[in-house]
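Notes to accompany the following structure.
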Amino acid sequence: MSGHAPTSHRFRANAAEALANGNQVRVLRAATARSVAGRMQALSERPDWEALRVRAREVKREALSRLDHYLVEFEARVREQGGTVAWARDADEARRYIVDLARARGVRTAVKAKSMTSEEIGLNEAFEAAGVTPVETDLGEYIVQLAGETPSHIILPAIHKSRGDVSALFQRTLGTPPTEDVAELAGIARRVLRERFLRADMGVSGANFAVAETGTLVIVENEGNIRFSTGAPRVHVALVGIEKVIPRLADVATFLRLLPRSGTGQRITSYVNFLNGPRRAHEDDGPEELHVVLLDNGRSRILADPEARESLLCIRCGACLNVCPVYQRVGGHAYGWVYPGPLGAMITPQYLGLDRAPELPFASSLCGACKDACPVRIDIPRVLLHLRQTLREPEATRTRGLSAWAEKRAVALAAWTMTSPRRFAAAGRWLRRALRLLSFGGAPRVPGWSATRDFPAPARRSLREMLS
Amino acid sequence: MSAREQVLADVRAALARPWPAAHAAPGPAWPVTREAAPEDPVAAFRAKVEAVGASWHAARDRAEAAAIVDALPLGDGPVWVTLDDLPLTRRTVLRGAPPRDAFDTLAAAVTGVAAGIVETGSLALFYGPGRGRLSSLVVPVHVAVVERAQLVPTLDDFLLRVRGHLGPQSGAVLVTGPSRSADIEQVITVGVHGPKELHVVFID
Amino acid sequence: MSTASTSRPERVALFATCLVDQFFPEVGLAALRVLERAGVRAEFPPGQTCCGQPFFNMGHREEARAVARHTLEVFEPYDAVVLPSGSCASMVRVFAPDLFEAADPLHARMAALAAKTFELSQFLVQRLGVTAVGGTFDGTVAYHDGCHCLRELRVRDEPRRLLAGVAGCRLVEMAGSDACCGFGGTFSVKFADVSSAMVADKVAAVEATGASCVVSTDSSCLMQIAGALRRRGSAVRALHLAQVLAGER
Chain A
1 MSGHAPTSHR FRANAAEALA NGNQVRVLRA ATARSVAGRM QALSERPDWE ALRVRAREVK
61 REALSRLDHY LVEFEARVRE QGGTVAWARD ADEARRYIVD LARARGVRTA VKAKSMTSEE
121 IGLNEAFEAA GVTPVETDLG EYIVQLAGET PSHIILPAIH KSRGDVSALF QRTLGTPPTE
181 DVAELAGIAR RVLRERFLRA DMGVSGANFA VAETGTLVIV ENEGNIRFST GAPRVHVALV
241 GIEKVIPRLA DVATFLRLLP RSGTGQRITS YVNFLNGPRR AHEDDGPEEL HVVLLDNGRS
301 RILADPEARE SLLCIRCGAC LNVCPVYQRV GGHAYGWVYP GPLGAMITPQ YLGLDRAPEL
361 PFASSLCGAC KDACPVRIDI PRVLLHLRQT LREPEATRTR GLSAWAEKRA VALAAWTMTS
421 PRRFAAAGRW LRRALRLLSF GGAPRVPGWS ATRDFPAPAR RSLREMLS
Chain B
469 MSAREQVLAD VRAALARPWP AAHAAPGPAW PVTREAAPED PVAAFRAKVE AVGASWHAAR
529 DRAEAAAIVD ALPLGDGPVW VTLDDLPLTR RTVLRGAPPR DAFDTLAAAV TGVAAGIVET
589 GSLALFYGPG RGRLSSLVVP VHVAVVERAQ LVPTLDDFLL RVRGHLGPQS GAVLVTGPSR
649 SADIEQVITV GVHGPKELHV VFID
Chain C
673 MSTASTSRPE RVALFATCLV DQFFPEVGLA ALRVLERAGV RAEFPPGQTC CGQPFFNMGH
733 REEARAVARH TLEVFEPYDA VVLPSGSCAS MVRVFAPDLF EAADPLHARM AALAAKTFEL
793 SQFLVQRLGV TAVGGTFDGT VAYHDGCHCL RELRVRDEPR RLLAGVAGCR LVEMAGSDAC
853 CGFGGTFSVK FADVSSAMVA DKVAAVEATG ASCVVSTDSS CLMQIAGALR RRGSAVRALH
913 LAQVLAGER
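Protein chains in written order, with this note's numbering: chain A, 1 to 468; chain B, 469 to 672; chain C, 673 to 921.
Given below as structure tokens:
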């Protein structure tokens, strides 16, 4: 997050702020509803949808199961084609490589295709500190960059902004006249960014897939900014998480059938780039240099946790965000870091450390909508449950009102109670009695609950009492 | 230890721990997905092409294709043509790349394709000598001339074809419709960075 | 796990769940009544307590295991176990076996119990092949799909078929019937504002159907939805599936 420290530790406070912003809630609900409808429409075209999901998961599992092998194969292919492969253990190493390269090549402006990984390592900040101007070129990312904000959705970064917001933003930062016409707003961005593309010294992208068999980077897009960023400047840097490697070119078909439908409800994106090294001697254009930076930055650590390993199957489609009832209401910024929604709840605690995002594994009702939407069938609730086991309540949610100690004692006591019918029956009687006392004539007042909902009047007799 | 050695060592160490039992069993063997070939591939291709907002023009041969391009309502500027044997008469034709600051004067680009993919209504453009990356990108209008023999049924067929090409050449792109964005209020606008218009001239 | 069977289980236990036992006993009584009408005389083993899900969802695996072990001992002797709760049934069927290591004999025993444990509508329709249990209910109902019931047990059509078999009961599908109500255990309290926003939309969807009653397989969901309905002063009732099938007035 360029210049923005993570706020993943205060999800609840962020969420409260988001919920209080009625306008944003409305915009977000409408946008996610549209995305959900689009996805349902698009997948209905494929009667083999479930089979595709099974296949995609298998391919990714295979890739991860032999990740070292496929990484080495990918590297060899890229180098054969004149590309350079750099390995980065962490964000710092990745930033240093890219910035050093920019310096060495006299780069003044770097155009950036949308890359969550570049946000993850804070590349823009590093560029700026080194005197290189990073220019986001995806329309949504460009808007967010001009606004000095961070993206709130991995596919629609400016999903939280209305056209009025964008018009005001362009007026303020570019001096353009106000307009409510979306095509005009897009036209402004096209004109401004056209110059940038053609004059930039470096283009930075991510990749959706890195094909080991052929050394190919596969990148999907709709705008053409990735074709531009990877095709026009002399140097192309592709920053690729190690988990993006897939075994064979033939595997790409399965993912192309799943990813656009899952993310944007499209049969296929406007452009799918297949990039194999820098331009060849006899070609007319293309970058003179291709540098692929393979990034670990915690991925091998996630790989080492078998119960969390499936987090790495993610192909960054955004479907889980759109269907998540929590994300739909609080938006991406509430999650406090690069990756929002169920994806963020799953991986932010693993990348940043559980202590820096303790609430995230609990910021879910475990409804499972994300699991059903995921094209690679990641059981996100299961991973969240696994994370909850390492960081249990009440540490995670730092309960107010009840001290953490008291809640821990309560859990231990409750478990002890539940292993004996006699204790259970007695505890039930006492609890119902206590609730009647808390009722003050009306419904019981239960902290946390009763602000917005009535609590049921406690039963006079339990079922076991009635049946005995 | 170099970063490369460290990363690979960490990956290998991580993989020493097996997947959980619930995840470990391999799924059923899955064959490559083959859709039933459509009865009329040209009609199916046309439907998908038009569904993404590209325009369809039918021609019997190159001469007719050229006449169609000549008649398109393009701007006044030159047309960047990377396709051989297209006798345009009413346009200024550029055969090599113009300088970058002349890109904005271009009215259109006319290219061939390596393949047309019926499954998605996509055009496959393979980069190579005389067929660069930028011609079909920087212009407001992209005209792609496609021949019936170039149609393939599925993405799998395309991937088989492109495989031999990647390596000797630096890449390829699948083009489906004009450039588009839905980043502002999910309202679709075309021509955000790439072409606003895509025309497919189909020689049957 | 295969649940299809043509033989009728002989000894059937009702696992009421801690919530129903202590807070919604009428649901337990209704479930027994419904089972009886389907020709099953279910027992209520008094040793039962809780399935362990609250502990499991809070991340307290050891406590969940201890409680699941107790549940195993109580219900193992039966041929089938029926729960008026999709989430509790999914705890036993889906999550409880993996609380024990694969090599632990308790794992196999828990898996065996899981295979003969069912949510009520799942038991009636899949296990017994029964889709009509008689009874009458006068009114329009909207059905809420509890998340675990839908996504862990894949039980979606069974409750609807049973409701269709109740004379006088008219089922209206509501928009977002499969959207989470926002309960999620401690989520409802720890993330109360998000939870409340979720149930507000659920209530709006219920009211938009014009139904006089919202129905679900899960008392936890009903507690959340009813709580919001009551706070609004709505006259819409919230009933458990068992109550509608039993012909609650």
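Where is the CB? At the ideal position from N, CA and C, for every residue including glycine.
- Counting the other CB atoms within 10 Å of its CB gives residue 667 of chain B a total of 16 or more, which places it among the buried residues.
- Residue 282 of chain A counts as exposed, since fewer than 16 other beta carbons sit within 10 angstroms of its beta carbon.
- The bridge partners DSSP lists for residue 583 of chain B are B/592.
- Around the Cβ of residue 238 of chain A, a 10 Å sphere holds 16 or more other Cβ atoms; the residue is buried.
- Put simply, the CB of residue 895 of chain C is near chain A, with a gap under 8 Å to one of its CB atoms.
- Fewer than three beta-carbon pairs drawn from the region 766-777 of chain C and the region 686-704 of chain C are found closer than 8 Å, and the two stretches are therefore not classed as touching.
- DSSP, reduced to helix, strand and coil, places residue 463 of chain A within a helical segment of the structure shown.
- Of the residues B/580, B/592, B/607 and B/654, the one whose Cα lies closest to the Cα of residue 630 of chain B is B/592.
- Residue environment: residue 440 of chain A is assigned as exposed (fewer than 16 neighbouring CB atoms within 10 Å of its CB, all protein chains considered).
- Secondary structure in the region 242-281 of chain A: the alpha helix (DSSP H) runs of 4 residues or longer, each lying completely within the stretch, are 252-264 in chain order.
- Chain-ordered, the chain C residues with CB closer than 9 Å to the CB of residue 12 of chain A read 862, 863, 865 and 866.
- Between residue 273 of chain A and residue 227 of chain A, the C-beta gap is smaller than 8 Å, which places the two residues in contact.
- Beyond the five residues adjoining it in sequence on each side, residue 82 of chain A comes within less than 7 Å, by CB distance, of 277 and 278 in the same chain, given in chain order.
- Not a single C-beta of chain C is nearer than 8 Å to the C-beta of residue 306 of chain A.
- In this structure, residue 755 of chain C and residue 689 of chain C form a Cβ contact; the two beta carbons are roughly 6 Å apart against a cut-off of 8 Å.
- For residue 368 of chain A, the chain C residues whose C-beta falls within less than 9 Å of its own C-beta are 819, 820, 822, 823, 824 and 852, listed in chain order.
- When A/175, A/25, A/289 and A/269 are compared, the shortest CA-CA separation from residue 233 of chain A is found for A/289.
- Rounded to the nearest angstrom, the gap between the Cα atoms of residue 909 of chain C and residue 886 of chain C is 6 Å.
- With contacts defined as CB atoms closer than 8 Å, residue 240 of chain A and residue 211 of chain A fail to qualify as a contacting pair.
- Taking a cut-off of 8 Å for Cβ pairs, the region 813-822 of chain C and the region 744-764 of chain C touch, as three or more such pairs fall below it.
- Contact check for residue 370 of chain A against residue 314 of chain A fails: the beta carbons are separated by 8 Å or more.
- In the structure shown, residue 720 of chain C adopts coil according to DSSP, grouped into three states.
- In the structure shown, residue 89 of chain A adopts coil according to DSSP, grouped into three states.
- For residue 202 of chain A, the enclosing beta strand (DSSP E) begins and ends at 202-205.
- Here residue 430 of chain A is exposed: its Cβ has fewer than 16 other Cβ atoms, across all protein chains shown, within 10 Å.
- In the DSSP annotation of this structure, the continuous segment of the beta strand (DSSP E) that includes residue 134 of chain A starts and ends at 133-136.
- In the structure shown, residue 576 of chain B falls within a strand segment according to DSSP collapsed to helix, strand and coil.
- Here DSSP, grouped into helix, strand and coil, assigns residue 667 of chain B to strand.
- At least 8 Å separates the CB of residue 351 of chain A from every CB of chain B.
- A contact is defined here as three or more CB-CB pairs under 8 Å, and the region 80-94 of chain A fails this definition with respect to the region 45-63 of chain A.
- The beta carbon of residue 782 of chain C does not come within 8 Å of any beta carbon belonging to chain A, so the residue lies off that interface.
- Think of a sphere of 9 Å around the beta carbon of residue 168 of chain A: no beta carbon from chain B falls inside it, the nearest being about 13 Å out.
- For residue 576 of chain B, not one C-beta of chain A is nearer than 8 Å to its own C-beta.
- Taking C-alpha positions only, residue 651 of chain B is separated from residue 131 of chain A by approximately 29 Å.
- The alpha carbon of residue 269 of chain A has as its nearest neighbour, out of B/664, B/669 and B/649, the alpha carbon of B/649.
- Under the three-state reduction of DSSP, residue 408 of chain A is assigned to helix.
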